[in-house]
Ligand code: AMP
Ligand code: MG
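Residue numbers (the numbering used here): 165 to 582.
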């Protein structure tokens, strides 16, 4: 009897019958539920706080502005003034930023005043210098002018004692400006989350090394290390491990104490050489998922010495998508930034596509002429498409038929950075 190949089915890429795929949202909900903050808080000067996660609400030490002041160069007096021509005598002296006028401006008088200067006693209103004629002794202008015109109230921007920045926020350059303006010199921030990156596979060689015909260069590790750095985590290069269980176990044992979480790529399915998933299972893996996601269905999630391990698929496209969709919000949560949803935009499609139900899909995409165009191939080994793309188009779990102009959800890569 000769051995015959099985017949090809029409639906050879459909989900195997009877297999329970984990929907993306269910996987995300589980991560969100099981993980928590692990980073320590520390006090850092403003100059070292950029990109860090705030460990506590920052409270203004001082109001901004600290005193009522003028928003423009001009002349100050007591308002309001009614309709018609107004002539006011000038007092001697002026009020400038940092050099206030010490005296009181009598009613019916005006004073020269410069942007940012504190309003002297007796002044609550300022007229713009361009709207005034001045002969050195008095000014003339046309009313009306409301009381308080062209001035800033004390504390109108921020009140002393109020929370200006909330715990969990990732500090931006503008936040540093606000902290400084309200009298703060340092912030309570969290230490960066240390995330190890390990590549697995006997076929992998380092960039620049000689490669035999069956070998390939490790594309994932430089990408993931770079991405984690851009996300504000502290990437830790764990090198690469061969496809053997003892070697991989030793590598994980050595790495675990040095990091807060680990991303591995490759070996995450259930095949003979898929040692990451096998090891995590042995160690009592939290979950071994087949996620209803394209690209990137095998995602092995386990704990190794108390550190979450994200066993990413080996294909670079799937590795990147799984990192953005699953690892990023999970790591953000561990880092203290809370669970952050990426900011997506509904934009017109610049492509046509039919999609079967059952799996959520992410397409490599970019915006051109106001439309989302997608990469010509969906092959998950196509590294050039990752580089071509500037973000991802998300197609929901259900069946879909998309025609040019239909709305689709686009996530720029930058929306995955914290
Ligand atoms: P695996 O998930 O180990 O079955 O790998 C799936 C595919 O991804 C295979 O073609 C691997 O050779 C490839 N692959 C795995 N790791 C990497 C890597 N670090 N860089 C580039 N390709 C990889
Ligand atoms: Mg492999």
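Beta carbons: idealized from backbone N, C-alpha and C, even for Gly. Nothing here was measured: the structure is a model prediction, and the numbers come from that model.
Here DSSP, grouped into helix, strand and coil, assigns residue 213 to coil. Our two residues, residue 341 and residue 214, have alpha carbons roughly 11 Å apart in a direct line. Taking 3 residues as the minimum length, the beta strand (DSSP E) runs contained wholly in the segment 416-460 are 425-429 and 451-454, in order along the chain.
Distance from the Cα of residue 556 is smallest, within the candidate group 572, 567, 314 and 546, for 572. By the Cβ test, the segment 273-287 is not in contact with the segment 326-337, since fewer than three Cβ pairs between them sit closer than 8 Å. A distance below 6 Å between beta-carbons, with the five flanking residues on each side excluded, links residue 544 to the following residues of its chain, in chain order: 459, 479, 481 and 482. For residue 337, the uninterrupted alpha helix (DSSP H) segment begins and ends at 337-345.
In the structure shown, the three-state DSSP call for residue 553 is coil. Secondary structure of residue 564 (DSSP, three-state): strand. Straight-line measurement puts the Cα of residue 325 at about 35 Å from the Cα of residue 245. Distances between the C-beta of residue 545 and the heavy atoms of the ligand MG are all 7 Å or more. With a cut-off of 8 Å on Cβ pairs, the segment 354-370 is in contact with the segment 202-218, counting three or more such pairs. Distances taken from the Cβ of residue 428 to the heavy atoms of the ligand MG include none shorter than 7 Å. Counting other Cβ atoms within 10 Å of its Cβ, residue 518 stays below 16 and is therefore classed as exposed. In this structure, DSSP gives residue 293 a helical state, which the three-state scheme calls helix. Beyond the five residues adjoining it in sequence on each side, residue 492 comes within less than 6 Å, by CB distance, of 580 in the same chain, given in chain order. Contact between residue 269 and residue 304 is absent: CB atoms are separated by about 17 Å, not below the 8 Å threshold.
Judged by the Cβ position, residue 382 fails to qualify as a neighbour of the ligand MG at the 7 Å threshold, every heavy atom of the ligand being at least this far. Residues 388, 391, 427 and 476 of the same chain have their beta carbon placed closer than 7 Å to that of residue 487, with the five preceding and five following residues left out of the count.
For the ligand MG, a non-hydrogen atom lies closer than 7 Å to the CB of residue 364. Note: residue 282 is bridge-paired with 233 in the DSSP secondary-structure output.
With respect to the 8 Å criterion, residue 547 and residue 383 are classified as neighbours on the basis of their beta carbons.
The closest CA to that of residue 199, considering only 467, 565 and 515, is found on 467.
Between residue 538 and residue 524, the C-beta gap is not smaller than 8 Å, which leaves the two residues out of contact. Shown here, residue 361 sits in a strand according to DSSP, grouped into three states.
By the Cβ neighbour-count rule, residue 197 is exposed, with fewer than 16 other Cβ atoms within 10 Å of its own. Residue 374 is positioned such that its CB atom lies no closer than 8 Å to that of residue 386. Closest option to residue 227, judged by alpha-carbon separation, among 417, 186, 205 and 319: 319. Taking the Cβ of residue 367 as the reference point, at least one heavy atom of the ligand AMP falls within a distance shorter than 7 Å.
By the Cβ criterion, the segment 276-292 is not in contact with the segment 205-214, since fewer than three pairs of Cβ atoms, one from each stretch, lie closer than 8 Å. Its chain contains 239, 273, 274, 275, 276, 298, 300, 301, 302 and 303 as the residues whose beta carbon lies nearer than 8 Å to that of residue 254, once the 5 sequence neighbours on both sides are disregarded; these appear in chain order.
For residue 410, the three-state secondary structure derived from DSSP is helix. For the 8 Å CB-CB criterion, residue 191 and residue 490 form a contact.
Rounded to whole angstroms, the separation of the alpha carbons of residue 263 and residue 578 is 44 Å.
Along the segment 501-541, the alpha helix (DSSP H) does not occur as any fully enclosed run of 4 or more residues.
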